[in-house]
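Read through the structure below, which is laid out as structure tokens, and then see the notes.
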Amino acid sequence: MVRDVRRYVQGCKECAMAKSPRHLPAGKLHPLPIPNRPWSHLGVDFMTDLPSSDGNTCILVIIDRFSKFCRLLPLKGLPTALETAETLFNHVFHYYGIPENIVLDRGPQFISRDSWNQFLGWAEYAQNSLRQPTTGLTPFQCILGFQPPLFSWNGEPSAVPAVDYCFRESERVWDAAHHHLQRAVRRSKTIADRRRIPGPAYTPGQKVWLSTRDIRLRLPSKKLSPRFVGPFTILEQVNPVTFKLQLPPQYRIHPTFHISLLKPFHQPLIPSTEPGHEEEPPTPLMLEEGSIYSLEYLVDWEGYGPEERSWVPRVDILDPTLMEDFHGNHPEYPAPCGRGRPPRRRRSRPSGAGPGEGGNVTDWSGSASTHTQRSQSPEF
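Quick note on numbering: the sequence shown equals residues 1 to 380 in full-length UniProt numbering.
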């Protein structure tokens, strides 16, 4: 019995969408690889919308992930992809060489697809320098018999002792810095993993719920909005803690999410019902005060249970056919007047009552149950 109840609750769609997770965030920390030398791995980003200074309103921030050395380059404004590449070549690559890895966001300067023809030479060199798993060699090695170096210096001893000493001292400093970086990464991972748990084992093709923590929904109340939407199908696993989902076209967001934003989808169990047992429809409620111009309808929301029913004014129901169908099935309830602004309410008084003698309000309104749809699409 306990197992069946647990399985039934896990498969409840309303429960999965409304309940927040009570466990620690899933997914252990996976630090970036530690560089072996300066300027081989960079971090690049922009600081924008700054007060104008000599016409500059933007700063290109470049961080060497090995030494934490920083370069701040002022710019006239947010540059294009080509201008960003030229700035990096002129101010960084020209002095420190081509980096092996650059960490950046998904800004248009870094993912632009309009100037690909200008970088075909670099792409061709990178492809021909890539070691193939079938042969164990690069295409350059197969064709030429050797790997063309990107830089002319190969680390061989120099005829000048001072140059060799400089290189040996640099390598010693790099080794010490690499050791301290490894220790710092291990410490930060230990601290971060104290508040995390291993994530579930997801596979491509599996369905999951997506957290709405970073998604704006077109709902009147954020506190009453669902905590998860979906389910969505996993397309691929980008890295151990990141997955790409198959989202609908109206979800104008990037489809890659951290494992902490996902929750496994469980197939709902169909409850067994006795033969002849039918659920009673919701009973319309009557209001004792009001007017036929301020009718409210008891609305069932699509995808939500009876506990989510709410009273909605008729002016907020955009589909008039819903009201027409209801009043056609329930002619005993007062139908709304024509469209437009309702006339002002007039107070009626008994016959013979003069001004100032008062009277009783005899207006009343009905309420109805209908069915509409609540949007769950994110607003972007």
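C-beta atoms are modelled at their ideal positions from N, C-alpha and C, and glycine is treated no differently.
Bridge partners of residue 54 according to DSSP: none are assigned. Pairwise C-beta distances place the region 137-147 out of contact with the region 63-81, as fewer than three of them are shorter than 8 Å. Within the same chain, Cβ atoms closer than 7 Å to the Cβ of residue 100 are found at 40 and 41, the five residues on either side in sequence being excluded.
Straight-line spacing of the CA atoms in residue 310 and residue 263 works out to 28 Å. Burial check for residue 266: the Cβ neighbour count within 10 Å reaches 16 or more, so the residue is buried. Secondary structure of residue 36 (DSSP, three-state): coil. Per DSSP, the continuous beta strand (DSSP E) segment holding residue 232 begins and ends at 228-239.
Following the DSSP letters along the chain, one finds residue 13 inside the alpha helix (DSSP H) bounded by residues 13-18.
When the beta-carbon positions are compared, residue 26 and residue 260 come within less than 8 Å of each other. Around the beta carbon of residue 243, 16 or more other beta carbons sit within 10 angstroms, so the residue counts as buried. Under a 10 Å Cβ-count criterion, residue 230 is classified as buried, with 16 or more other Cβ atoms of the shown protein chains found around its own Cβ. Bridge partners of residue 47 according to DSSP: 59. Boundaries for residue 327: no beta strand (DSSP E) harbours it, while the alpha helix (DSSP H) harbouring it runs 320-329, taken from the DSSP string. Linking residue 211 to residue 34 through their CA atoms gives a straight-line distance of about 31 Å. For the options 192, 74, 199 and 225, the alpha carbon positioned closest to that of residue 239 is the one of 199. Partner residues in the beta bridge of residue 245, as assigned by DSSP, are 234. With a threshold of 16 other beta carbon atoms within 10 Å, residue 62 meets it and is buried.
Taking each of 295, 300 and 232 in turn and checking the Cα distance to residue 315, the smallest one comes out for 295. Note on geometry: alpha-carbon atoms of residue 327 and residue 297 lie some 11 Å from one another. Distances from the alpha-carbon of residue 217 to those of 250, 97 and 207 put 250 closest.
Less than 8 Å separates the beta-carbon of residue 87 from that of residue 73. Straight across, the Cα-Cα distance linking residue 24 with residue 175 is about 37 Å. In the displayed model, residue 41 falls within a strand according to three-state DSSP. Cβ neighbours of residue 56 within its own chain (closer than 7 Å, five residues either side excluded): 74, 75 and 76. Residue pairing from DSSP leaves residue 31 without any beta-bridge partner.
In the DSSP annotation of this structure, residue 197 is not part of any alpha helix (DSSP H), being labelled neither H nor E.
Per DSSP, reduced to three states, the secondary structure at residue 82 is helical. In the DSSP assignment, residue 139 falls outside any beta strand (DSSP E) and within the unbroken alpha helix (DSSP H) covering 139-144.
If you check the CB distance, residue 235 and residue 245 come in under 8 Å. A distance below 8 Å separates the beta carbons of residue 30 and residue 241. The continuous beta strand (DSSP E) containing residue 211 extends over residues 207-211.
Secondary structure at residue 104: coil, using DSSP grouped into helix, strand and coil. Residue 181 sits in a helix when the DSSP states are folded into three classes.
Residue 268 is positioned such that its CB atom lies closer than 8 Å to that of residue 13.
Residue pairing of residue 71 in beta bridges, as defined by DSSP: 62. Rounded to whole angstroms, residue 70 and residue 64 show a C-alpha spacing of 6 Å.
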